[in-house]
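See structure below.
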Amino acid sequence: MNNSISYKVAVVCWLVLITSFIQAGELPLANAERMKNRIIALSHFGKNVHGGVDRTAFSDADISGRAYISALMRDAGLDVHIDYAGNIIGRRAGTQPLFAPIMFGSHTDSVPGGGNYDGDVGVIGALEAIELLNTGNIVTRHPLEMIVFADEEGSMVGNMALVGIFSADALSNGSSSGFTLGDGVDRIGGDQTKIKQARRSTPIHAFVELHIEQGGFLDEKSLDIGIVEGIVGIHWWDVVVKGVANHGGTTPMPGRRDALVAASKLVIGINDRATTMPGRQVATVGKIQAFPGAPNVIPGKVEFSLEIRDLETEKINQVFEVIKGEARAVEEEMNVEITFEALTPHLRPAPTDVRIRRLIEQSVSTLDLSYQHMPSGAGHDAQNMAPITPTGMIFVPSRGGISHSPMEYTAPHDMANGADVLLRTILKLDETEFE
Ligand SMILES: [Zn+2]
0 MNNSISYKVA VVCWLVLITS FIQAGELPLA NAERMKNRII ALSHFGKNVH
50 GGVDRTAFSD ADISGRAYIS ALMRDAGLDV HIDYAGNIIG RRAGTQPLFA
100 PIMFGSHTDS VPGGGNYDGD VGVIGALEAI ELLNTGNIVT RHPLEMIVFA
150 DEEGSMVGNM ALVGIFSADA LSNGSSSGFT LGDGVDRIGG DQTKIKQARR
200 STPIHAFVEL HIEQGGFLDE KSLDIGIVEG IVGIHWWDVV VKGVANHGGT
250 TPMPGRRDAL VAASKLVIGI NDRATTMPGR QVATVGKIQA FPGAPNVIPG
300 KVEFSLEIRD LETEKINQVF EVIKGEARAV EEEMNVEITF EALTPHLRPA
350 PTDVRIRRLI EQSVSTLDLS YQHMPSGAGH DAQNMAPITP TGMIFVPSRG
400 GISHSPMEYT APHDMANGAD VLLRTILKLD ETEFE
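Numbering (numbering that gives the first Met the number 0), first residue to last: 0 to 434.
Structure (structure tokens):
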């Protein structure tokens, strides 16, 4: 290579470097302080003495919190309206008005005695992405729609009505705030008589939700971002163990057909098998009752709950088959009878879109953040969006894995990382056409 060629190569390399640097530098970074202050401001609506919030859907606190967020959305230049289901939607025009919108957001309602980050980080993060687009004078091709879903923690009426799976029969159901769902929807600016029309009849390009992990995986491993592979499916069973009730004083130990001892062996078996089987399945016995339930009577019958969760229905079935095998062994050993009654409907797993996972991964990499692909063991708005549009989900760490509690905490820099990843993912989605 002569000198002039190597000089040209060096110049080209430099240009490429500078261009990519400028491109990366063009995008402003999220303002962690602003996000923190907005979380604190939002936490005043429904604040309780424990430092958490009681901002259950449709309550006065929910209405005030939503008004606070709506005002911020308008200040950020969004065209804000409330749909018939009570979802707040803020639209930012794109250069191609006929393109399907890119939707992103989460919820601001809480469980009773909830924390200040569940849902809120996704909403404040979505708002932050809008602020950064404004700062950077960036206009996307696709219109953008920031959404605050109605009643995520209770009925999921917001996302279900939007995707067209909400049954109007449920409008008379109660809610944590004491109002019926229908009256609640009316209270937050929806219209229960038109709830069917909340269904989106036009396509959505993609949906992305930023959320706190609500588990301890990222925090424990000191990882910045979780790329969610999907929201797990859940199957439930009622398990009945039948033995023989008898006198606790006069029946010798050998030969007893004690349903509770048999159930105990099975509960331990379920835990052992779910722990040692390869995979990330979880199985839980959360409720148990012995009959007749007297100190001096050998229990003749035990009823308990069984719940299995996994990203794949097939895996849930496999785990269940193994548990049934355990049950047969206990039946034999203890001379009892064990039956499983499946409760329906099952919650089907909602896998996220693998193409969006890749875009999130690329976004994380440009920011030099650490990450891990992972399932979500908790339910989210994204789970009902996934069947109708390519859906992605970004997790940020929850300190100590604590959620649905006043102890819930996500550090400002983690929230900012989440907003940065969300923004970059939105911009990549804007350049991606799905078939
Ligand atoms: Zn949530």
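For every residue, glycine included, the Cβ atom is placed at its ideal position computed from N, Cα and C.
(message) Residues in the same chain with beta-carbon distance under 7 Å from Ala-23, minus the five sequence neighbours each way, listed in chain order, please.
(response) Confidence in Ala-23 is poor, its pLDDT being 49 and thus under 50, which makes the residue's placement too unreliable to answer from.
(request) Indicate whether the contact test is met: 3 or more Cβ pairs, each with one atom in the region 329-348 and one in the region 176-185, closer than 8 Å. (result) no
(request) Go through the region 164-223 residue by residue and report every complete run of the alpha helix (DSSP H) that reaches 4 residues or more, in order. (result) Listed in chain order, the complete alpha helix (DSSP H) runs (minimum 4 residues) inside the region 164-223 are 180-186 and 216-219.
(message) I need the boundaries of the beta strand (DSSP E) containing Ser-304, first residue and last residue.
(response) 300-309
(request) Say whether the region 88-104 touches the region 193-208, bearing in mind that this needs 3 or more beta-carbon pairs closer than 8 Å, one atom from each stretch. (result) yes
(message) Need the endpoints of the alpha helix (DSSP H) that Met-72 sits in, please.
(response) Segment 59-74, the alpha helix (DSSP H) holding Met-72.
(message) Quick check: Ala-244 and Gly-292, are their CB atoms within less than 8 Å of each other?
(response) no
(request) Rounded to whole angstroms, what's the CA-CA distance from Ile-307 to Thr-351? Just pull it up for me. (result) Spanning the two alpha carbons is a distance of roughly 20 Å.
(message) At the level of alpha carbons, what is the spacing between Thr-388 and Pro-202?
(response) Between Thr-388 and Pro-202, the C-alpha separation is close to 8 Å.
(message) Suppose contacts are defined by Cβ-Cβ distances below 8 Å. Is Ser-109 in contact with Val-156 by that definition?
(response) no
(request) Rank Leu-426, Asp-237 and Pro-405 by C-alpha distance to the C-alpha of Gly-114 and give the top, closest one. (result) The shortest C-alpha separation from Gly-114 is found at Pro-405.
(message) With a threshold of 7 Å (Cβ to nearest heavy atom), would Gly-391 be considered close to ligand 1?
(response) For ligand 1, no non-hydrogen atom lies closer than 7 Å to the CB of Gly-391.
(message) Considering only heavy atoms of ligand 1 and the C-beta of each residue, which residues fall inside 6 Å, strictly closer?
(response) His-106, Asp-117, Gly-118, Glu-151, His-210 and His-379
(message) My output table needs one value for Gly-124: the three-state DSSP class, helix, strand or coil.
(response) helix
(request) Measure the C-alpha to C-alpha separation of Leu-170 and Thr-338 and round it to an integer number of angstroms. (result) 35 Å
(request) Return the residue from the list Glu-130, Thr-283 and His-379 that minimises the CA-CA distance to Pro-453. (result) Nothing can be reported for residue 453, as the shown portion of the chain is limited to 0 through 434.
(message) What does the alpha-carbon distance come out to for the pair Val-420 and Leu-132?
(response) 13 Å
(message) Quick check on DSSP: helix, strand or coil for Leu-428?
(response) helix
(request) Within its chain, find whatever has a CB closer than 7 Å to the CB of Met-384; leave out the 5 residues flanking it on each side and keep chain order. (result) Asn-158, Val-162, Phe-206 and Thr-390
(message) On the criterion of 16 or more Cβ atoms from any shown chain inside 10 Å, does Ser-200 qualify as buried, or is it exposed?
(response) exposed
(request) State the DSSP-derived secondary structure class of Ile-387, mapped to helix, strand or coil. (result) Three-state result, Ile-387: coil.
(request) Assign Thr-343 to one of three DSSP states: helix, strand, or coil. (result) Thr-343 falls in the strand class under three-state DSSP.
(message) Using DSSP's beta-bridge definition, name the partner residues of Ala-160.
(response) DSSP lists no partner for Ala-160.
(message) Cutting at 7 Å between CB atoms, please list the residues of its own chain near Thr-94, excluding the five before and the five after it.
(response) Val-138 and Arg-140
(request) From the DSSP output, in three-state form, read off Arg-354 for me. (result) helix
(message) I need the DSSP call for Ala-273, collapsed to helix, strand or coil.
(response) helix
(request) Below 8 Å on the Cβ atoms is my guess for Ala-261 versus Ile-269; work out the distance and round it to an integer in Å. (result) Between Ile-269 and Ala-261 the Cβ distance is about 13 Å, and since that is not below 8 Å, they are no contact.
(request) In angstroms with no decimal places, state the Cα-to-Cα distance between Ala-40 and Gly-324. (result) 53 Å
(request) Tell me where the beta strand (DSSP E) around Arg-91 begins and ends. (result) For Arg-91, the enclosing beta strand (DSSP E) begins and ends at 87-91.
(request) Quick one: grab the DSSP three-state call for Met-145. (result) strand
(message) Please state the DSSP three-state secondary structure of Phe-20.
(response) With a pLDDT of 41 at Phe-20, under the threshold of 50, the modelled position of this residue cannot be trusted, and the question is left open.
(request) Please classify Val-238: does DSSP put it in a helix, a strand, or coil? (result) strand
(request) Measure the C-alpha to C-alpha separation of Ile-194 and Phe-148 and round it to an integer number of angstroms. (result) 14 Å
(message) Could you pull the DSSP bridge partners for Glu-228 from this structure?
(response) Bridge partners of Glu-228 according to DSSP: none are assigned.
(message) Taking 8 Å as the threshold (C-beta atoms), are Ala-326 and Leu-265 in contact?
(response) yes
(request) Please list, in chain order, all residues of the same chain as Glu-151 whose beta carbon is under 8 Å from its beta carbon, the five residues on each side excluded. (result) Ala-56, Ser-105, His-106, Asp-108, Gly-118, Gly-157, Asn-158, His-379 and Asp-380
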